[in-house]
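For the sequence shown, my numbering gives the first residue as 15, with consecutive numbering after it. In what follows, a single structure is set out as structure tokens and then discussed.
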Amino acid sequence: MFVQRFSSTPRGARLARHLALHRLDTWGVPYGSALSDTAALLVAELAANAVTHGRVPGRDIEVGLRLDAYTLRIDVSDSRGERRPEITAAPEGEHGRGLLLVEALADRWGVFD
Numbered sequence: 015m016f017v018q019r020f021s022s023t024p025r026g027a028r029l030a031r032h033l034a035l036h037r038l039d040t041w042g043v044p045y046g047s048a049l050s051d052t053a054a055l056l057v058a059e060l061a062a063n064a065v066t067h068g069r070v071p072g073r074d075i076e077v078g079l080r081l082d083a084y085t086l087r088i089d090v091s092d093s094r095g096e097r098r099p100e101i102t103a104a105p106e107g108e109h110g111r112g113l114l115l116v117e118a119l120a121d122r123w124g125v126f127d
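What follows is the structure, given as structure tokens:
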């Protein structure tokens, strides 16, 4: 199990992605493998979402990973519980596709209060 807190900044989100990939590599999921690449994208999108939409100044985000024989669970939490994510993006918009990617790549995902 891997659990780490990061600053609620774009730099913290990038660091979360890098450390998550490093941990997966130490668990036997090599860099550049399909699982590693998918996990990188999921952690990056979820951490960026937490930093962008769940940011409370002075509060951190938390990233957790659990790997067993059949499942990689990725948890990302922020400190703003009142904001539920929306899975919508304007067709011409530059933003708003993160959760669409999560929905496409993850077998299951959800929000817990």
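The beta carbon of each residue, even a glycine, is placed where N, CA and C say it ideally should be.
Taking the Cα positions, V90 is about 13 Å away from T66.
Rounded to the nearest whole angstrom, the CA to CA distance from A30 to R122 is 21 Å. Per DSSP, the unbroken beta strand (DSSP E) holding R19 starts and ends at F16 to S21.
A direct Cα-to-Cα measurement between I88 and A120 gives close to 10 Å. In the structure shown, R111 adopts coil according to DSSP, grouped into three states.
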